Amino acid sequence: MGINDVKMIGVGKDEYNSSLSGMIDQNILPWVEDIEGQGYPVWEDYNAVQRSTYFLDRQGELIYQFNITTLDPDSENDYSYFINLILDYRSDNGPGVLRVTEDYTLIQDAIDNANDGDLILVEPGIYTEQINFLDKNISLVALPYSGYDDNVVGSVILDGGEQGPVVTINNGQDQSSILLGFQIQNGNNQNYGGGILIENSSPTIDRNNITNNAAGSCGGGGGGIAILGSSYPHIFGNQIYNNYVSGDCDCICYFGGGVYVDSIALPIVGGSFSIGNILYDNDADIGNDLFRHTSSNSINLTQIYAHHNFFQECPPDSFDVYPLDDWDLSNCHDIENVNSDPIIPSTSFHLSPIYPNPFNPIATIPISILEPGFIDVSVHNVKGKLVESWNTFLDLGNHTFIWNAKGLPSGIYFIKVKSKQSYASQKAILLK
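Heads up: the sequence shown is residues 875 to 1306, going by this note's numbering.
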């Protein structure tokens, strides 16, 4: 059982009228008519008045009642009060509700103490820890995403601190395990899955921002998400951007900057317009946004169902999605054509192509600053060793950094640019 166990049923004393149509037609509030000819039995039995609200247990017995006239539906505090009241009574006769930070300071502590089916609600804040679902089917939900405001994704941040995957789900979980409404950032795994690592499990990853995560050492995949083994997860409504795969070795062995899927796993990625994922500005040698591993034994693989996802160009090319034949990308969308509203979060800078490339020994790194702030620019060799860096405050406008690689050996170098909000990287080749 999950958060959807909570049901509300409206009972109307009078016959159906047009003022109810919006709620009923959109399935917001199931409605039952209490019939006058039968003496209004529901209202009579419960001694109801207008806007009475009742809580029944699973056997239909009344456990609590109050009147909601004083609650303002446009008030965040009133909404949160009502939702938490529902959850409190739900947990009295069913799976538990654990709260971070009210009950536990750390999310992992809440998971450690949870049972199958429990709901963990996380308050806004930055949580620097690595989360593991252990062997539990649970719902881990950002509290603001309980329904009051869909635009608050990003106020509950899971930060991996570059110490490993931010979230690991690898113990046989099914789709009732839910990860909903978080910003997942700064994960780093030397192999697979910087942001989220899913292995032999089938959770639901729903409406998260997955950004600024990395994977890879001497090979690797899935800067944002890696899906391995006998896994059949649902990946719905996420924004997956600015994730990358790179490492120490001079090889074409870094796959799936956004999402990596091995030859066994079969996820569902998107599905309808309302639950399509948004993928952009991810980086890897092959498959910047989506990558699926194939082998000589996987000729007859079933295509991965990936309808109604959003790309910078629709249909995407083989640089962004690889191999194209292994992904069913029907009904994809261009990001800029979704309504008239910007979907891509604002970035603080734009990294233009480094020139010349290849170079010897001077390279120019052009950066356009869209929001004033501190910028960190670093250059690493293929072994990950830092060879040059700049950290400075930049105003709006165009800027250049001049890198003199005199004294360094020929080879591939990685230029990485970071700000508080954004990340970008490029490769440059030094030829002497």
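Even for Gly, the Cβ is constructed at its ideal location relative to N, Cα and C.
From a predicted model like this one, the values you see are computed outputs, not experimental measurements.
- One thing to note: I1241 has its Cβ within 8 angstroms of the Cβ of L1225.
- Q982 and N1006 have their alpha carbons spaced roughly 7 angstroms apart.
- By the criterion of a C-beta distance shorter than 6 angstroms, G1161 is surrounded in its chain by F1129, G1130 and Y1196, once the five residues flanking it on both sides are discounted.
- Partner residues in the beta bridge of A1089, as assigned by DSSP, are N1063 and V1119.
- With a contact defined as Cβ atoms closer than 8 angstroms, Q1059 and T1085 qualify at about 5 angstroms.
- Between L1203 and F1184, the C-beta gap is not smaller than 8 angstroms, which leaves the two residues out of contact.
- Within the model, the alpha-carbon separation for V1015 versus I1052 is close to 7 angstroms.
- Across the set F1223, Q1186 and F1193, the C-alpha of Q1186 shows the shortest separation from the C-alpha of I1209.
- For A1139, the three-state secondary structure derived from DSSP is coil.
- The alpha-carbon separation between L1054 and W1201 amounts to approximately 25 angstroms.
- Check the Cα spacing between D1199 and each of I994, H1207, S1222 and L1164: the tightest is with L1164.
- In chain order, A1088, G1097, G1131, N1156, D1157, A1158 and S1299 place their CB closer than 7 angstroms to the CB of Y1118, counting only its own chain and leaving out the 5 sequence neighbours on each side.
- For E976, the number of other beta carbons within 10 angstroms of its own is below 16, and it is reported as exposed.
- For D1250, the uninterrupted beta strand (DSSP E) run begins and ends at G1247 to N1255, by DSSP.
- The beta-carbon separation of I1012 and I1031, rounded to 20 angstroms, does not stay under the 8 angstroms limit for a contact.
- Just so you know, the alpha carbons of F1110 and P1283 end up roughly 45 angstroms apart.
- The beta carbon of T1274 sits closer than 7 angstroms to those of T1238, I1239 and P1240, all from its chain and outside the five residues before and after it, given in chain order.
- In this chain, the alpha helix (DSSP H) harbouring A984 covers I981 to D986.
- Just measuring C-alpha positions, the residue of I1142, T1168 and P1189 sitting nearest A1180 is I1142.
- About 7 angstroms separates the Cβ atoms of K1290 and H1254, confirming a contact at the 8 angstroms cut-off.
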